[in-house]
Amino acid sequence: MEWEHLFDDLEGQLAAEWESERAALDAESERLRIAKLTLRDRLRAMSGARAVLELHGGERWDAVLRVTGADWVGASAGDDPRLRIAPLTAIESLAVDHGTLLDSLAPDAPDDGLTARMTLGFVMRDLARRRVPVTVGTRSGDPRHGTIDRAGADHLDLALHDPNEARRLRSVRGFRSIPFAALSWVRVEDASAAL
18 MEWEHLFDDL EGQLAAEWES ERAALDAESE RLRIAKLTLR DRLRAMSGAR
68 AVLELHGGER WDAVLRVTGA DWVGASAGDD PRLRIAPLTA IESLAVDHGT
118 LLDSLAPDAP DDGLTARMTL GFVMRDLARR RVPVTVGTRS GDPRHGTIDR
168 AGADHLDLAL HDPNEARRLR SVRGFRSIPF AALSWVRVED ASAAL
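In this text, residue positions in the sequence shown follow the working numbering: the first is 18, and each later residue adds one.
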């Protein structure tokens, strides 16, 4: 009878040690998984959430996160339906509620398909192709309005004109080549121009 209690006790101790070791391995595995998450992964998981984005150049958006591309995020601010695009490198901080923050750690964020693979350059080239008027904010904080004439691998050419005028030769006041690294945000002025 004493032997049975001894073996039951040893079996219980062994099971407890295995459970403790498994819990430690699970915790370490979760820490490693979280360590591999990027800001982009977390933004994808926050799609549809309210957030306050603070960007280079002093821009601050109280916005709803709409779409996340390969290296940018799209949001709409307040009642303004116009899409605002911010390169991920321009984000200084992101404020969300605690539940959204924890939800963004979920292992399986929804896949946005093609949009998730679109780079900032791809989006800028699409806006140039469609001749969509934009306002561009740079790290210096000086917004410029115009139409993107072309977008290269790491920059865009902006034809400057007044917000209420179409891009016509007579309305263009000048041109700027702006490196993507200098961009803080791009606001698509035509609310009907979806990505």
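Every residue, glycine too, gets a C-beta built ideally from N, C-alpha and C.
Quick check on the DSSP output: the beta strand (DSSP E) that includes residue i runs from which residue to which?
i: Phe192; result: 191-196
i: Asp79; result: 77-85
i: Arg67; result: 67-72
i: Val153; result: 150-155
Is the beta carbon of residue i less than 8 Å from the beta carbon of residue j?
i: Val3; j: Ile108; result: The chain is shown only over 18 to 212; residue 3 falls outside these bounds and no answer can be derived.
i: Leu82; j: Ala66; result: yes
i: Ala62; j: Ser110; result: no
i: Arg134; j: Ala87; result: yes
i: Thr85; j: Arg50; result: no
i: Leu42; j: Trp89; result: no
What are the residues that DSSP puts in a beta bridge with residue i?
i: Ile165; result: Leu175
i: Leu111; result: Leu70
i: Arg101; result: Ala92, Arg204
Please list, in chain order, all residues of the same chain as residue i whose beta carbon is under 7 Å from its beta carbon, the five residues on each side excluded.
i: Glu76; result: Gly154, Ser201, Trp202
i: His172; result: Ser194, Ile195, Pro196, Phe197
i: Ala68; result: Ala80, Leu82, Leu111, Ala112, Val113
i: Gly191; result: Leu177
In terms of residue numbering, what span does the alpha helix (DSSP H) encompassing residue i cover?
i: Thr132; result: 131-134
i: Ala145; result: 137-147
Return the chain-ordered list of same chain residues with a C-beta closer than 8 Å to the C-beta of residue i, the five sequence neighbours on each side being excluded.
i: Pro160; result: Thr152, Val153, Gly154
Validate contact between the region 88-104 and the region 180-189 using beta carbons, cut 8 Å, 3 pairs: As far as the Cβ criterion goes, the region 88-104 does not touch the region 180-189, which means the pair count is below three.
At least 3 beta-carbon pairs within less than 8 Å: the region 153-173 vs the region 196-204: Judged by Cβ distances under 8 Å, the region 153-173 makes contact with the region 196-204, as three or more pairs qualify.
Three or more C-beta pairs below 8 Å linking the region 67-78 and the region 140-157: When Cβ pairs closer than 8 Å are counted between the two stretches, the region 67-78 is seen to touch the region 140-157, the count reaching three or more.
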